[in-house]
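This report concerns only the one structure given below.
Residue numbers (our numbering): 17 to 83.
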């Protein structure tokens, strides 16, 4: 699968990975949103305070969880 580069959420790919389980897919999305809702602000705050390594760690964790 090669979703368009401008897509933010690749629903078809996500559902494929979950064997079409739409309820599970929604639960995972809700959990992700709840757990990482402040990640961008936390990374920004880390950068603002000069903690580049902390910001990278936050962004790396977010990227891994999003995958």
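Think of the CB as a built atom: it goes at the ideal place given N, C-alpha and C, for glycine as much as any other residue. Since the model is a prediction, treat every value here as computed from it, not as a measurement.
Under the rule that 16 or more other beta-carbon atoms within 10 Å means buried, what is residue i, buried or exposed?
i	result
residue 59	buried
Give the straight-line distance between the Cα atoms of residue i and residue j, rounded to the nearest whole angstrom.
i	j	result
residue 41	residue 62	31 Å
residue 30	residue 24	12 Å
residue 77	residue 51	11 Å
residue 17	residue 33	In this prediction, residue 17 scores a pLDDT of 48, lower than 50, which makes its location untrustworthy; no coordinate-derived value is stated.
residue 54	residue 80	16 Å
residue 75	residue 83	12 Å
residue 26	residue 69	29 Å
residue 47	residue 37	16 Å
residue 73	residue 39	30 Å
residue 65	residue 35	43 Å
Taking DSSP as the reference, what is the three-state secondary structure of residue i?
i	result
residue 70	helix
residue 60	helix
residue 36	coil
residue 83	coil
Check whether the Cβ of residue i sits closer than 7 Å to any heavy atom of the ligand FAD, and report yes or no.
i	result
residue 69	Summarising the ligand content, the structure contains no ligands, and the ligand FAD is consequently not present.
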